[in-house]
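Chains as they are written, first to last, in the numbering used here: chain A, 1 to 115; chain B, 1001 to 1112.
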């Protein structure tokens, strides 16, 4: 069953603006990851945030995680045309035996950054 | 160079003709996985493997088989392909199951 769900489905902004994408999930997790996909290509890992972390930064990326709301957000600051891509969140699951090692991806947010 | 390779990259085949899509990684990763990507449905996991000879079903395993005889290889087998298996397929690997995944370039499969 689908775990992560991104919002919005599509986002169009101007170069230099910030882009915020959200991800909601349903069950407890160990980690949440964000990936980027340029059209038709393989996904590229951006950032991983663990369930005991609230915020993480990597360059122009800022990820937050709110486990009480089961949601995460990805902020891209000072966007560039090269940031145009689809962005996916991926979650694993937790059960009594530990991590289930099944990564579930959402349907993605298509970000378009206009020059 | 650390990478995940898939072959073939493009394949057009007919219903019922068995095919294999190969996946290989050179990073000594324990975990490997197959996904399919379809418009409006996102990425869905087909099968995954936590180590040699250890495989398990993902969310959409019907119509697919896998094997993990060596650590570096994780082929995806379609015994009798059908048109609903037309899709973009990705192989991925990671050190452990819930670590960052490295994706292959994808295989675009069309079944007529």
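Backbone N, C-alpha and C fix where the C-beta goes; we use that ideal spot for every residue, glycine too.
For the candidate residues the options, whose alpha-carbon lies nearest to that of residue i?
| i | options | result |
| --- | --- | --- |
| residue 1089 of chain B | B:1043, B:1072, B:1083 | B:1043 |
| residue 41 of chain A | A:5, A:33, A:87 | A:87 |
| residue 1106 of chain B | B:1008, B:1072, B:1017 | B:1008 |
| residue 1067 of chain B | B:1004, B:1020, B:1087, B:1086 | B:1020 |
| residue 6 of chain A | A:108, A:115, A:112, A:85 | A:108 |
| residue 1032 of chain B | B:1065, B:1048, B:1075, B:1022 | B:1048 |
| residue 1092 of chain B | B:1064, B:1076, B:1084, B:1086 | B:1076 |
| residue 83 of chain A | A:8, A:105, A:9, A:17 | A:17 |
| residue 1102 of chain B | A:44, A:103, A:114, A:65 | A:44 |
Cβ closer than 9 angstroms: which chain A residues qualify as neighbours of residue i?
| i | result |
| --- | --- |
| residue 1105 of chain B | 41, 42 |
| residue 1045 of chain B | 102, 103, 104, 105 |
| residue 1074 of chain B | Near residue 1074 of chain B there are no residues of chain A at all, since even the closest Cβ is about 14 angstroms away, more than 9 angstroms. |
If we count the other Cβ atoms within 10 Å of its Cβ and call it buried at 16 or more, is residue i buried or exposed?
| i | result |
| --- | --- |
| residue 1010 of chain B | exposed |
| residue 1 of chain A | Its pLDDT being 45, under 50, residue 1 of chain A is placed unreliably by the model, and the measurement read from it follows with that caveat. Looking at its Cβ environment, which holds fewer than 16 other Cβ atoms inside 10 Å, residue 1 of chain A is exposed. |
| residue 96 of chain A | Any reading at residue 96 of chain A must be qualified, since the residue scores a pLDDT of 42, below 50, and its modelled position is unreliable; the value itself is stated next. Answer is exposed; the Cβ neighbour count stays below 16. |
| residue 1081 of chain B | buried |
| residue 1016 of chain B | exposed |
| residue 1012 of chain B | exposed |
| residue 1054 of chain B | exposed |
| residue 79 of chain A | buried |
Report the three-state DSSP secondary structure of residue i (helix, strand or coil).
| i | result |
| --- | --- |
| residue 1026 of chain B | coil |
| residue 1003 of chain B | coil |
| residue 1 of chain A | Only weak support is given to the placement of residue 1 of chain A: the predicted model assigns it a pLDDT of 45, under 50, and the question is left unresolved by the model. |
| residue 1085 of chain B | helix |
| residue 10 of chain A | strand |
| residue 98 of chain A | Any reading at residue 98 of chain A must be qualified, since the residue scores a pLDDT of 46, below 50, and its modelled position is unreliable; the value itself is stated next. In the structure shown, residue 98 of chain A sits in a strand (DSSP, three-state: E or B). |
| residue 78 of chain A | coil |
| residue 1038 of chain B | strand |
| residue 66 of chain A | strand |
| residue 83 of chain A | helix |
| residue 55 of chain A | strand |
| residue 1073 of chain B | strand |
Output, in chain order, the set of chain A residues within a Cβ distance shorter than 8 angstroms of residue i.
| i | result |
| --- | --- |
| residue 1042 of chain B | 2, 88, 105, 106, 107, 108 |
| residue 1100 of chain B | 33, 45, 48 |
Determine the chain A residues that contact residue i at a beta-carbon separation under 7 angstroms, and present them in chain order.
| i | result |
| --- | --- |
| residue 1025 of chain B | Per Cβ cutoff of 7 angstroms: no residues; residue 1025 of chain B is ~12 angstroms from chain A at best. |
Show which residues of chain B have a CB atom less than 9 angstroms away from the CB atom of residue i.
| i | result |
| --- | --- |
| residue 111 of chain A | Ordered by position in chain B, no residue passes the 9 angstroms Cβ test against residue 111 of chain A, which lies about 15 angstroms from the chain. |
Less than 7 angstroms between the CB of residue i and some heavy atom of the ligand SAH, yes or no?
| i | result |
| --- | --- |
| residue 1077 of chain B | Judged by which ligands are present, the structure shown has none, so any question about the ligand SAH falls away. |
Is the segment 1033-1049 of chain B touching the segment 45-57 of chain A, taking contact as three or more C-beta pairs under 8 angstroms?
-> no
Decide yes or no for the touch test of the segment 23-39 of chain A against the segment 73-90 of chain A: beta carbon pairs closer than 8 angstroms, at least 3 of them.
-> At 8 angstroms Cβ cutoff, the stretches touch.
Do three or more CB pairs link the segment 69-84 of chain A to the segment 21-32 of chain A at distances below 8 angstroms?
-> Taking 8 angstroms as the limit for Cβ pairs, the verdict is that the segment 21-32 of chain A does touch the segment 69-84 of chain A.
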